[in-house]
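Asker: Numbering (the numbering used here), first residue to last: 1 to 164.
No residue lacks a Cβ here, since even glycine has one placed at the ideal position from N, Cα and C.
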Amino acid sequence: MNQKGFTLIELLVVVAIIGVLAAVGVVAFQGFLSSSKITATKNQHSEIVKHIKLGMVECDLNGGTITLLNYRGEDTPFNCNTDPGVWRNAYNAHFHGLDWINAYSTPNPWDNNSLRCCLPDNGDTWLKGITAFGVQGSYIIINTDIDGNIENRLTDRIIDYRQR
């Protein structure tokens, strides 16, 4: 009798090999996702800092007034000759108006648990993936927790526009 097909053992071996390959693939993919979120969060922090610094340059060029977005995404004139706390709040609204979200999908407790990127704060709040705008004396403080690890947190200080 000439039977064609696979034996049960051959099928079990193939299923076992597929299972091992799938497990290795899932672990590799999770590592890729994690590193992608870290990179996205670092890039977002950098873009926020650049955007605020560029806003200060625009203030010099435009006679002390620039256009930022409000929470609804509408253009709003902004008087540059204000203290850092007003800058902090204006830029927080601006990034909400741009609808920036955080890479980790961390709920933002200051914004009805939305997934937005930023929050106005005293600068001491650390939530994974979220950028917190704070004020310390004459500085706007930008803090970002990129991965939940204290050693990897990013902080930038931008001097008050009026003192540049």
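For the beta strand (DSSP E) that PRO109 lies in, which residues bound it at each end?
Answerer: That residue, PRO109, is in no beta strand (DSSP E); it is neither H nor E in DSSP.
Asker: Thinking C-beta only, is ILE17 closer than 9 Å to THR144?
Answerer: Against a cut-off of 9 Å, the Cβ pair of ILE17 and THR144 comes out as no contact.
Asker: Looking only at its own chain, which residues have a Cβ that is under 6 Å from the Cβ of LYS128, when we skip the five neighbours before and after it?
Answerer: Result list for LYS128: TYR104, THR106, ASP145, GLY148, in chain order.
Asker: For the putative contact between HIS94 and LEU115, defined by C-beta atoms under 8 Å, what is the C-beta separation to the nearest angstrom?
Answerer: Actually they are not in contact, since the Cβ atoms of HIS94 and LEU115 sit about 17 Å apart, beyond 8 Å.
Asker: Using CA coordinates, which residue listed in LEU8, GLU74, PHE133 is at the minimum distance from VAL86?
Answerer: Considering only alpha carbons, the answer is PHE133.
Asker: I'd like to confirm the pairing. Which residues does DSSP put opposite ASP145 in its beta bridges?
Answerer: Answer is LYS128, bridged to ASP145.
Asker: Check whether the region 73 to 81 and the region 54 to 64 touch, using three or more Cβ-Cβ pairs below 8 Å as the test.
Answerer: Flag = yes, the region 73 to 81 and the region 54 to 64 touch.
Asker: Hey, quick one: how far does the alpha helix (DSSP H) through ARG88 stretch, first residue to last?
Answerer: Note, ARG88: alpha helix (DSSP H), 84 to 97.
Asker: Less than 9 Å separating the beta-carbons of ILE130 and ASN102?
Answerer: Yes, they are a contact pair.
Asker: Whole angstroms are fine: how far does the CA of VAL14 sit from the CA of LEU119?
Answerer: When rounded, the distance between both Cα atoms is 51 Å.
Asker: What is the DSSP secondary structure of ASN32, counted as helix, strand or coil?
Answerer: Checking the sequence shown, residue 32 turns out to be Phe, not Asn. Reduced to three states, the DSSP call for PHE32 is helix.
Asker: Determine whether the beta carbon atoms of ILE52 and ILE150 lie at a separation below 9 Å.
Answerer: Not a contact, by the Cβ cut-off of 9 Å.
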